[in-house]
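Scroll down for the structure; my scribbles are underneath it.
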Amino acid sequence: MDILSAYPSWPITHGAALLVVLPLLLGAIVSILPREKMAWAITLIVSLILTVTAFGLVLTIFGGETQLYKLGGWDPPHGISFVIDGLNTPVLFLISAMALLCTIYGLPSVAAEVEPKKRAPFYAAFLIGVAGLLGMVVTGDAFNVFVFLEVSSISTYVLVAMGASRDRRALKAAYNYLILGSIGATFFVIGLGFLYMETGTLNMADIGRILADLDGGSRVAMVAFGFITVGLGLKLAMFPLHMWLPGAYAHAPSFVTVFLASTATKAALYLMLRFTFTIFDPSFDYVMAVIMYVLTGVGVAAMLLGSLQAIFQTDARRTLAFSSIAQVGYMLLGVGIATAAGLSAGYLHLLNHAVIKGCLFFALGAFWYRYGITRCEDFNGLGKMMPWTMGAFTIGGLSLIGVPATAGFVSKLNLVIAAMERGWGWAVIIIMVTSILALVYIGRLLLAAYFQSPPEINGEVVVRNEAPLMMLIPMWFLALLSIAIGINADLVSEAARNAASVLLGGGV
Amino acid sequence: MTPHVILRVVSKFLIPLIAMFAFYVQFHGDFGPGGGFQAGVILAASVILYALIFGLAEAKKAIPPSWVRIGMTLGVLLYGGTGVMTWLLGGEFLNYGVFSPEHPSHGQHWGILLVELGVLLAVASVMVAIFYAFGSRQPDLTEEDW
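Residue numbers (this note's numbering), protein chains in the order written: chain A, 4 to 511; chain B, 62 to 207.
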């Protein structure tokens, strides 16, 4: 804990609120700045401060300390409290760190993809979206979750629509996302209403305690649980509710795609875990039934159908989007196993998948930046045209498949072990089958990139044109991180075990 | 003679009253129903009424769109800045008690006053901004092309 002692004490004790307040206020300031460079610089500084603060909070968690931050000094359950514990802190760090990497990547990428006069508002919307995501993860108040969910969603719709200057279909994708996202938020808040009706409180810990006293509560609590599961399911692209995701990922600016893929669905999945295991409890019959039959069922369906659909896409970004839906299935399968091993495997995959998909989408953004490529058939010869970018893409792809010594292998191995312990041999078979499907859709791109020759335009072979350094740094950081996790996963595994023990220990 | 002379005269008389009522609602929030959100909406309604009667161009001359953007930001910053002040004075975020350590209830009073002013500014600006955004849209087809 040497690094922690180097921290001043203020960012640690007030860090929970700082994570939300800083991007929210600076987002407001950035929205009226005239110059895009200034907006970018402020965004970079803010995300750097967020990352450092969140890292400090992660260190306190490894030191075994949890925190309850009382907003305005009002005690829970009446006041709003922010919570720092083993379950949410790794997600907080993930969101802050991805925001930092995306901002570094954004300097060339946003300049290429967004209209000049919309670039400063773009960064403003991004900062407010970061504030919303961090807020919905850090808060200990159920209604506050809804508020921050809306803050992050609305800014995300704007960010997706900003892709319109590159690809007009972004407008349709953003509209689609807006409608489905609003339905999800509505379902979620209806569920909260029922929950409030049953328990008379909105504080998460308090709801959990009262529901445990009521032994699961009446039919009202059951209905609440159903609405909340469906609402959050829409946000995290749970299998039949995923229709907004491929369009949004495929047509948004690359910057936004990376950020969405590696944080937005993860934050929603964290909420699903929080609601299912600590507010409600698997010891209630109806919760266990949903975990066993609904979450596991849709998880397995997502793994199979998502991977199959990924194979038949012609656009590389859509391939990866469907692969994301399949990967959410892995996480839900981990939740469905519902043992400590299963939960920690699901949580581990949540963290690893963010690293892997971030790397892959960074690389896809760089391909578009240099050659305007998004279709799978245009991958021919990319291994020679952009060797470094393609190298990062290859590492990310292998990690997605689950090749040993990569992050994907670690989480799939943990998932297989957890399934075996539970006696679910069929789940192991499905994990194997979907890994082979991943091999097909990633392999198709890799084969084209390395074993086809670069295309000829007007009789001349397209020359090598590597991505700028600002794009390569975040991409390779994630690629190397995924190998580092593959070789030594102690830290992330411990984070995942902490999270699982929070989930199964009960209480916030 | 300009058209709608009765509307113009009556609304010229009413608009200041509406704006004043907005502030009544704002400060009445201390003792009863009211507060920044409602007051902001009423204040924005007075601007919107002006735009409806005298035209959008006149309204934009009176309240320029650039002010509206700054107003939105200032409102948020006034609210957030109050919280930052409480941080600087050593309390939790938005713990207004620290404004007046001897009488925390006085501190609460001042804090909520500042925060509600921020809400007023932000809500009024956003309402006007939404009206300007929709009002300034040009139809894709002119009336004759139909």
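Quick reminder that beta carbons are idealized off the backbone N, C-alpha and C, glycines included.
- Selection B:Pro126, B:Val108 and B:Leu178 evaluated against Tyr85 (chain B) yields B:Leu178 as nearest (Cα-Cα).
- Considering only beta carbons, the part of the segment 97-130 of chain B lying closer than 7 angstroms to chain A consists of Arg130, in chain order.
- Leu162 (chain A) sits away from Met473 (chain A), with the two beta carbons spaced by 8 angstroms or more.
- Three or more pairs of CB atoms, one per stretch, sit closer than 8 angstroms, so the segment 320-331 of chain A contacts the segment 346-362 of chain A.
- For the pair Ala270 (chain A) and Ile182 (chain A), the Cα-to-Cα distance works out to about 20 angstroms.
- The count of Cβ pairs closer than 8 angstroms, one atom from the segment 364-383 of chain A and one from the segment 255-270 of chain A, reaches three, so the stretches are in contact.
- By the CB criterion at 8 angstroms, Phe228 (chain A) and Val293 (chain A) fall inside the cutoff.
- Only those residues of the segment 30-48 of chain A whose C-beta falls short of 9 angstroms from the nearest C-beta of chain B are listed: Gly30, Ala31, Ile32, Ser34 and Ile35.
- For Gln455 (chain A), the three-state secondary structure derived from DSSP is coil.
- For Leu311 (chain A), the closest alpha carbon among the candidates A:Ala441, A:His17 and A:Asp144 is that of A:Ala441.
- Taking a Cβ-Cβ cut-off of 7 angstroms, the neighbours of Trp148 (chain B) in chain A comprise His17, given in sequence order.
- For Glu380 (chain A), the closest alpha carbon among the candidates A:Thr16, A:Ser496 and A:Tyr444 is that of A:Tyr444.
- With a threshold of 16 other beta carbon atoms within 10 Å, Trp429 (chain A) falls short and is exposed.
- Residues of chain B with a Cβ closer than 7 angstroms to the Cβ of Leu74 (chain A) are, in chain order, Glu153, Phe154 and Leu155.
- In the three-state reduction of the DSSP assignment, Asp284 (chain A) falls in the coil class, being assigned neither a helical nor a strand state.
- Under the three-pair Cβ rule at 8 angstroms, the segment 241-254 of chain A does not count as touching the segment 110-121 of chain A.
- With respect to the 8 angstroms criterion, Leu62 (chain A) and Ile98 (chain A) are not classified as neighbours on the basis of their beta carbons.
- When DSSP reads this structure, Lys73 (chain A) sits in a beta bridge with A:Ser84.
- Chain A places no beta carbon closer than 8 angstroms to that of Gly196 (chain B), leaving this residue out of the contacts.
- For Met207 (chain A), the closest alpha carbon among the candidates A:Ser156, A:Pro79, A:Ile460 and A:Ala134 is that of A:Pro79.
- Within the same chain, Ile45, Val49 and Leu130 come within 7 angstroms of Leu29 (chain A) by CB-CB distance, once the 5 residues on both sides are set aside.
- Counted as a single uninterrupted DSSP element, the alpha helix (DSSP H) harbouring Trp391 (chain A) occupies residues Pro390 to Ile404.
- Under the Cβ criterion of 8 angstroms, Val86 (chain A) is not counted among the residues facing chain B.
- For the pair Leu150 (chain B) and Leu174 (chain A), the Cα-to-Cα distance works out to about 46 angstroms.
- At least one CB atom of chain B sits nearer than 8 angstroms to the CB of Ala20 (chain A).
- From the listed residues A:Leu506, A:Ser414, A:Thr437 and A:Ala305, the smallest Cα separation to Ala492 (chain A) is found for A:Ser414.
- Listed in chain order, the non-local C-beta contacts of Gly236 (chain A) below 6 angstroms within the same chain comprise Leu244, local neighbours out to five positions each way being set aside.
- Nearest to Met389 (chain A) by alpha-carbon distance, out of A:Val466, A:Thr377 and A:Gly82, is A:Val466.
- The beta carbon of Gln455 (chain A) sits closer than 6 angstroms to the beta carbons of Asn383 and Gly384 from its chain, once the five residues preceding and following it are set aside; these are given in chain order.
- Counting along the chain, Arg425 (chain A) sits inside the alpha helix (DSSP H) bounded by residues Ala410 to Arg425.
- Burial state of Ser156 (chain A) is buried, judged by a 10 Å Cβ sphere holding 16 or more other Cβ atoms.
- Taking C-alpha positions only, Met334 (chain A) is separated from Tyr140 (chain B) by approximately 39 angstroms.
- For Ile35 (chain A), the three-state secondary structure derived from DSSP is coil.
- The Cβ-Cβ distance between Ala100 (chain B) and Ala112 (chain B) does not fall below 8 angstroms.
- Ranked by Cα distance from Asn156 (chain B), the first of A:Arg172, A:Met41, A:Lys73 and A:Leu354 is A:Lys73.
- Minimum Cα-Cα distance from Val297 (chain A) among the listed residues A:Thr159, A:Gly332, A:Ala421 and A:Glu201 corresponds to A:Gly332.
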